[in-house]
Amino acid sequence: MFAGIILLPGLVSAQKNIDTLSRAVPDIRSIIDEDFDSDEIDELIMQNWETQQIFAYREVKEIPDSIWLYLVDSVHGFILPHEGKVLNGFGPRGRRFHKGVDIKLNTGDPVKAAFDGVVRIALSGRRGFGKLIVIRHYNGFETYYAHLSKILVKPGEKVKAGDLIGLGGSTGRSRGPHLHFEIRYYDQAIDPEKLICFETGTLKQECVYMTREFLKTRTRLTAKSAPGNTEVGAQESYYTVRRGDTLSKIARKFGTTIGSLARLNNIHPSKKLRVGQIIRVI
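To convert, note that position 110 of the sequence shown is 112 in the numbering used here; the numbers rise steadily by one, no gaps.
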């Protein structure tokens, strides 16, 4: 199932006509305010953990219609995997669909982790990727780093944004040295240029609002509304509880009431929320 995605700066405004695909799944949650070595994060990030199979999600259940995911905060940052020109973008390319971006580099150039996370794949010669690293991040995203000449990390290794993970190359199905970089959510590819400005080396927004509705192909566009407006293109909308959140705080954020949230989630209005808990807000 394909999904729409909206970029939201601090959950305030929306950017429309975003073309990508993704899945919104509550199993791996955006717990970016927890300590880096949190047992809860370890438990969540290890679900569907595969170190030999590139695509780990064979069956996904209970997918919400929409969800907010945070990319960075004061604890978890972002760094460009490599500072170079984007040679090829995301989208159809001949008979194939290019599911990432190709970044110019020379063989031996450093390749860095884009976000904090845990290395899931560090393999050579898998499909056309050549030497490949896959890192799973704490919001459920995974990033792919392909055609490397050397892998410097191993599965299970925790990395921070900016850590050296490999060296650029031209292994696999490649016509010259470059970094093939992908962002995926439950194996579904997302256009990296919708999230990252490769010219400035910065994120375009700090969080994304993702929905499952309307998209039937990789190239269809959607337009959604900002939080607080019920016209979001989905019958239900969900929010992942962060440290310090209360029903009152969430209600103010989404322009609703504590009573309404309590009824939607069948909980007592004074219930203490758990970090990582999925709360229906619409």
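Glycine residues also receive a C-beta, built at the ideal position from the N, C-alpha and C atoms.
What you are looking at is a predicted structure, and each value in this text was computed from that prediction instead of being measured.
If you draw a straight line from the Cα of S176 to the Cα of R265, it is about 54 Å long.
Residues of the same chain with a CB within less than 8 Å of the CB of I260, apart from the 5 flanking positions on each side, are L249, S250, A253 and P271 in chain order.
When the beta-carbon positions are compared, R128 and P157 stay at least 8 Å from each other. Between I105 and V88 a beta carbon distance of about 6 Å is seen, short of the 8 Å cut, so the two are scored as contacting. Within the model, the alpha-carbon separation for L166 versus D118 is close to 12 Å.
Distance from the Cα of S172 is smallest, within the candidate group R276, G142, N50 and N108, for N108. Assigned with DSSP and collapsed to three states, G93 falls in strand. By the beta-carbon neighbour count (other beta carbons within 10 angstroms, threshold 16), Q55 is exposed. In this structure, the beta-carbon distance from G110 to G174 does not fall below 8 Å. At the C-beta level, F92 and P179 stay beyond 8 Å of one another.
Take T53, set aside five residues on each side of it, and the residues of its chain with a beta-carbon closer than 6 Å to its own are P157, in chain order. The C-alpha of M212 is placed about 21 Å away from the C-alpha of G79.
According to the DSSP assignment, I260 belongs to the alpha helix (DSSP H) that extends over I260 to N267. Cβ neighbours of A58 within its own chain (closer than 6 Å, five residues either side excluded): N50 and E52. Here G170 is near H84, since their CB atoms are less than 8 Å apart. C209 sits buried, since 16 or more C-beta atoms from the chains shown fall within 10 Å of its C-beta.
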